[in-house]
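Colleague:
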Amino acid sequence: MLIVSSFFYPFGDYPVFKRSTFSCSLPFYFYLYFILKYEKFFFFLVVLFSAAIILWPQYYITGDGASHTYNARILFDFVLGRNRDFYDDFFYINRNIDPNWMSHLVLGALQQFMPAWLADKSFQLLYLFVFAYGLRFLIRSINPDSGFLAFLFYPFVFNLPFQQGFYNYCLSLALLFWALGIFIRFRDKLQNPLFALGQSLLLLACTFSHGMPAIYTMMMMGLILLFDLFPLLRLSSWKLVLIDVARMALIFLPSAMIILLFLAKRGSGFDPHAWSKWKIWVEFLKMWTSQS
């Protein structure tokens, strides 16, 4: 009840926090009040504890993480002309603008001034901070008084895709929180060209990390816009509705084009497949098939 109601009530107005409710347990009430009053500080401590899990061992091993780090090193060596005589016999650069580039660019750049193991660890920390503070930003965009719910990041940040080393997917998922939070907080500025450009670039960064979280982001932004436009639809104000829809379409356009071009080259994965098309769509909506 606390979690659900937090999106609708300021802390002092919670029915469960009325003094009469806690008349027999005032120490618990004051303890909870202290936690919530300084939740920003305690949230920072939980983030530091999470970072320590990555920092404590010299190598935080993930399934594909080392492979991403190695590939990024080869990519930058190849582009910068280092050991080209060796690499030319084995590799060539994929020049397609695919929605899977971000981790390679970040890891490759980091390895220009730090060893590979530290670059890998730095990327993991980057993901952790973007994920944790992104979720907090999204929650506070929905309700500024619900920041304490950001503690929920901890059970989810070390998720299965992260342990499998799906760096692009994880970073894109973390950027989803920021893209959606900014849209929720500032969507009344949709007509501002600078806001539209910034929103489109943030969504593009999400897309360049991984296409599936970008698709989920666009779906949620579209549903929020539809909900906001519902009063205009009831009034049959079609011109205003079409203007806002067109603005949103322009924000989506660069990311949507990259994803559609990628699907045109690679296919949708529907055929051949052991699952039926219906099951694939159900798993897509459950976000089960979105990692690869």
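327 is the number that the working numbering gives the last residue of the sequence shown; the numbers go up by one with no jumps.
Even for Gly, the Cβ is constructed at its ideal location relative to N, Cα and C.
Could you check if Thr56 is buried or exposed, using at least 16 other CB atoms within 10 Å of its CB as the buried criterion?
Modeller: Here residue 56 corresponds to residue number 21 of the sequence shown, with the count starting at 1. Any answer about Thr56 is weak, because its pLDDT of 47 lies below 50 and its placement is not dependable; what the coordinates show is given next. It counts as exposed.
Colleague: For the region 109–179, list the alpha helix (DSSP H) runs that are entirely contained and at least 4 residues long, ordered along the chain.
Modeller: Runs found: 119–122, 137–145 and 151–177.
Colleague: Answer with buried or exposed for Phe183, where buried requires no fewer than 16 other C-beta atoms within 10 angstroms of its C-beta.
Modeller: Sequence index remark: in the sequence shown, residue 183 carries index 148 (1-based). With 16 or more Cβ atoms within 10 Å of its Cβ, Phe183 is classed as buried.
Colleague: Pick helix, strand or coil for Asp99, following the three-state DSSP scheme.
Modeller: Taking the sequence shown and counting its residues from 1, the one referred to as residue 99 is at position 64. Asp99: coil per DSSP, three-state reduction.
Colleague: First and last residue of the alpha helix (DSSP H) that includes Ala240?
Modeller: As a position in the sequence shown, residue 240 is number 205, starting the count at 1. Looking at the DSSP string, the run of the alpha helix (DSSP H) that includes Ala240 is Pro228 to Ser244.
Colleague: Given this structure, state the Cα-to-Cα distance separating Trp136 from Ser290, to the nearest angstrom.
Modeller: Numbered from 1 along the sequence shown, position 101 holds the residue referred to as residue 136. Numbered from 1 along the sequence shown, position 255 holds the residue referred to as residue 290. Rounded to whole angstroms, Trp136 to Ser290 spans 13 Å at the Cα level.
Colleague: In this structure, does DSSP put Ile315 in helix, strand or coil?
Modeller: Reading the sequence shown from its first residue, position 280 is the one you call residue 315. If DSSP states are grouped into helix, strand and coil, Ile315 belongs with the helices.
Colleague: Where does Asp155 land, buried or exposed, given buried means 16+ other C-beta within 10 angstroms?
Modeller: In the sequence shown, the residue the question calls residue 155 occupies position 120. Per the 10 Å Cβ criterion, buried.
Colleague: Just to confirm my understanding: we take Val81, look at its own chain, exclude 5 residues before and 5 after, and list those with CB closer than 7 Å. What are they?
Modeller: Working through the sequence shown from its first residue, we reach residue 81 at position 46. Contacts found: Phe186 and Tyr189.
Colleague: Tell me which residue opens and which closes the alpha helix (DSSP H) that Pro92 is part of.
Modeller: Here the question's residue 92 lines up with position 57 in the sequence shown. No alpha helix (DSSP H) contains Pro92, which DSSP labels as neither H nor E.
Colleague: Around the Cβ of Val141, are there at least 16 other Cβ atoms within 10 angstroms (buried) or fewer (exposed)?
Modeller: In the sequence shown, counting from the first residue as 1, residue 141 sits at position 106. So Val141 counts as buried.
Colleague: Return helix, strand or coil for Gly182, following the three-state DSSP convention.
Modeller: By 1-based counting over the sequence shown, the position of residue 182 is 147. The answer is helix: DSSP assigns Gly182 an H, G or I state.
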